[in-house]
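Student: Sharing a structure, written as structure tokens. Questions coming.
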Amino acid sequence: MKLPEKFKVRMKSMLKDEYEAFINSMKSSPIFTGIRINTSKTGAEKAVLEEFGQLEKIPWCENGFYADKSKISGNHPYHIAGLFYFQEPSAMSSVSALPISGGDRILDLCAAPGGKATQAGAMLGKNGILIANEIIKSRANILADNIERFGLANTIITNDTPQKLSEKYPYFFDKIIVDAPCSGEGMFRKEPQAIDEWSAEHTVSCGVRQKHILDCAMKMLKGGGYIVYSTCTFAPEENEQICAYMLAKYNIEIIEPENLNMLSHGRAEWSQSDFNMDKTRRIFPHKNKGEGHFIALFHSLDEHRPTETKNQKLKQTEGENLFRDFEKNFLNTNLDGEFCLFGENLYLKPKNIDIDKIKIIRSGLHLGICRKNRFEPSHALCISLKKEDFKNTIDFSCNSEILKKYLMGETIECKKNGWCVVTVNGFPIGWGKASNGILKNHFPKYMRLKK
């Protein structure tokens, strides 16, 4: 690995006696991989650890574990069923710092590919609202796929600018996640192309963009709310100096995250200000088993009252009736929310949130498709529910050859009739429609395993 000379000069000035250990870790330390358990699925942690053995815990994430990706495949049924998410260990730290409560309104402002959004959504539970935003359309679609895989029902996925969202939701959110676009120095070991794209000027331009994003976030944060700000870079221009900017401009304080005490502290001398940075946190590869990361938890001291939005009714049609008939016949649920029909696609949107006139990728839980007076359930609906929510299930173990056939898109034998959910050790993994002893496969084609 050939690191930029200006980067090395700056890091030596910053770290002094620690510099050699840092450089050696950048060149020789292993690249760590992690999995994070989906806490919204009861029993997921027990099932995963029984399957893969006792894994080493990631100290700054209660449900995170170090894992060897060569031994834990993305094609494993538990991953397909949304029991865990592959995530770089350091990236689990920022949402771990956020004091999320059930019923919170949460915004992940730069959410793709979805690691922090899925972590926050799982912590949120069923009663709150999560808006996961990504400004780049292609990345927003990847975000939507990961949200669906995790089975998050109360999540709206948007594809708009921070400025537009700030105009739409003044003082609306309890908690905001800003994992800011940055120069990516912490990813040099994992992504060598980041080295080629690096320049000292780029770190400065990233800092300008980060300030704009945080300015927009502050307009959406209600009084007493929290913003967790994070980057995957070592540059003070994008870390402590951004914190100094925020402290100088806004009525906020930096809160010390209770569960990140094992991490290094930020330093005041790197902030070019008189502000104390001891309550910010840094992850260095020569000190922690992870890549570079910075975390700061801002707490608003203002008293801005949260805005209330209209309970918007969007194109409610016979789609709700079609779903309710399906629910009566095949589910043990009484799903609550606002039914929205876009073309043939029926969604269940969380109540009390207005999404008019902003760019939407998904307006909540995708329930399914309404076609010619019939309803076809979505994969997202299947993954969002638990085994007990279905009238018809057929269960297999992880190593079942029949389950492998199903995941490859083949039909399998089934003695039930009508819509049926295939489960792996009790966890829903996909739909099928049974008739005459055969289960027609409705597992999504883009997810099917290769034969």
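Be aware that the sequence shown starts at 90, since it is given in our numbering, and climbs by one per residue. Heads up, the beta-carbon is just placed ideally off N, CA and C, and yes, glycines get one too. None of the values given here were measured: they were computed from a predicted structure.
Pick from GLY379, LYS448, ILE472 and ASN488: whose alpha carbon is nearest that of LYS257?
Tutor: For the residues GLY379, LYS448, ILE472 and ASN488, the minimum Cα distance to LYS257 belongs to LYS448.
Student: So, do the segment 497-505 and the segment 259-270 have three or more beta carbon pairs nearer to each other than 8 Å?
Tutor: No, the segment 497-505 does not touch the segment 259-270.
Student: Rounded to whole angstroms, how far is the Cβ of ALA269 from the Cβ of ILE302, which I believe are closer than 8 Å?
Tutor: With a Cβ gap of about 6 Å, ALA269 and ILE302 count as contacting.
Student: Please return the same chain residues whose Cβ sits closer than 7 Å to the Cβ of PHE154, not counting the five positions on each side in sequence.
Tutor: Excluding sequence neighbours, PHE154 sits near GLY123, ILE124, LEU144, GLU145, LYS146 and ILE147.
Student: With 16 other CB atoms within 10 Å as the buried threshold, where does VAL297 fall?
Tutor: The residue is exposed, with fewer than 16 neighbouring Cβ atoms inside 10 Å.
Student: Check whether the Cβ atoms of THR244 and ILE236 sit closer than 8 Å, and answer yes or no.
Tutor: Cβ atoms of THR244 and ILE236: closer than 8 Å.
Student: How is TRP359 classed by DSSP in three states: helix, strand or coil?
Tutor: Of the three classes helix, strand and coil, the one that applies to TRP359 here is helix, per DSSP.
Student: Is there contact here, the segment 100-116 with the segment 365-382, by at least three beta-carbon pairs under 8 Å?
Tutor: Flag = yes, the segment 100-116 and the segment 365-382 touch.
Student: Keeping to the same chain, check which residues put their C-beta closer than 6 Å to that of PRO178; ignore five residues upstream and five downstream.
Tutor: Cβ neighbours of PRO178 beyond the five flanking positions: PHE121, GLY123, ILE147 and GLY379.
Student: Name the one or two DSSP bridge partners that ARG194 has.
Tutor: Its beta-bridge partners are ILE218.
Student: Who pairs with PRO466 in a beta bridge, going by DSSP?
Tutor: GLY457, per the DSSP bridge assignment.
Student: Among LYS540, ILE472 and TRP508, which has the Cα closest to the Cα of PHE516?
Tutor: Residue ILE472 is the option with its Cα nearest to PHE516.
Student: For the beta strand (DSSP E) that PHE141 lies in, which residues bound it at each end?
Tutor: Here PHE141 belongs to no beta strand (DSSP E); instead the alpha helix (DSSP H) covers 133-141.
Student: What is the C-beta distance between ALA209 and ILE220, in whole angstroms, given that I count them as a contact (C-beta under 8 Å)?
Tutor: Between ILE220 and ALA209 the Cβ distance is about 11 Å, and since that is not below 8 Å, they are no contact.
Student: Could you tell me the distance, in whole angstroms, from the CA atom of GLY203 to the CA atom of ILE341?
Tutor: For GLY203 and ILE341, the distance between alpha carbons rounds to 27 Å.
Student: Where are the alpha helix (DSSP H) runs, 4 residues long or more, that stay fully inside the segment 247-274, in chain order?
Tutor: Counting only runs of 4 or more, we get 251-257.
Student: Just checking, does the segment 92-106 make contact with the segment 423-442 on the three C-beta pairs under 8 Å criterion?
Tutor: No: the two stretches stay apart, fewer than three of their Cβ pairs being nearer than 8 Å.
Student: Which one or two residues does DSSP pair with GLU427 in a beta bridge?
Tutor: Beta-bridge pairing links GLU427 to LYS438.
Student: Starting from ASP542, follow the alpha helix (DSSP H) in both directions and report where the run begins and ends.
Tutor: Outside the displayed range of the chain (90 to 540) lies residue 542, so it cannot be described from this structure.
Student: At the level of alpha carbons, what is the spacing between LYS417 and SER353?
Tutor: When rounded, the distance between both Cα atoms is 54 Å.
Student: For ASN348 and ARG278, I'd like the C-alpha separation in whole angstroms.
Tutor: Rounded to whole angstroms, ASN348 to ARG278 spans 26 Å at the Cα level.
Student: Cα separation between LYS540 and LYS493?
Tutor: Going by the C-alpha atoms only, they are around 9 Å apart.
Student: Thinking just about the alpha-carbon of each residue, which of ASP445, GLY313 and GLU280 is nearest to the one in ASP249?
Tutor: It is ASP445.
Student: Run through the DSSP bridge pairs and tell me what LYS529 is partnered with.
Tutor: Answer is LYS522, bridged to LYS529.
Student: Got a sec, what are the start and stop residues for the beta strand (DSSP E) PHE387 sits in?
Tutor: Taken as a continuous stretch (DSSP letters only), the beta strand (DSSP E) holding PHE387 covers 382-389.
Student: Answer with yes or no whether the minimum CB distance from ALA110 to chain D is below 8 Å.
Tutor: Among the chains of the structure shown, chain D does not appear; only one protein chain is present.
Student: Please state the DSSP three-state secondary structure of GLY314.
Tutor: Three-state DSSP puts GLY314 in a strand.
Student: Taking the alpha-carbon of ASP443 as reference, which of LEU456, HIS455, GLU433 and CYS429 has the nearest alpha-carbon?
Tutor: Answer by Cα proximity: CYS429.
Student: Where are the beta strand (DSSP E) runs, 3 residues long or more, that stay fully inside the segment 137-184, in chain order?
Tutor: Entirely contained in the segment 137-184, the beta strand (DSSP E) runs reaching 3 residues are, in chain order, 153-155 and 173-176.
Student: How long is the line joining the alpha carbons of LYS480 and THR422, rounded to whole angstroms?
Tutor: Going by the C-alpha atoms only, they are around 10 Å apart.
Student: PRO71 bridges to which residues according to DSSP?
Tutor: Outside the displayed span of the chain (90 to 540) sits residue 71, for which this structure offers no information.
Student: Return the CA-CA distance between LYS135 and VAL513, expressed in angstroms with no decimal places.
Tutor: Each residue's Cα considered, the two are about 14 Å apart.
Student: Three or more C-beta pairs closer than 8 Å, one from the segment 386-398 and one from the segment 406-414: is that the case here?
Tutor: As far as the Cβ criterion goes, the segment 386-398 does not touch the segment 406-414, which means the pair count is below three.
Student: Is the beta carbon of LYS130 closer than 8 Å to that of LEU172?
Tutor: Their beta carbons are under 8 Å apart, which means LEU172 touches LYS130 by this criterion.
Student: Per DSSP, SER353 forms a beta bridge with which residues?
Tutor: Beta-bridge pairing links SER353 to ARG371.
Student: Taking Cβ positions, are PHE387 and ILE316 nearer each other than 8 Å?
Tutor: For PHE387 and ILE316, yes; Cβs fall inside 8 Å.
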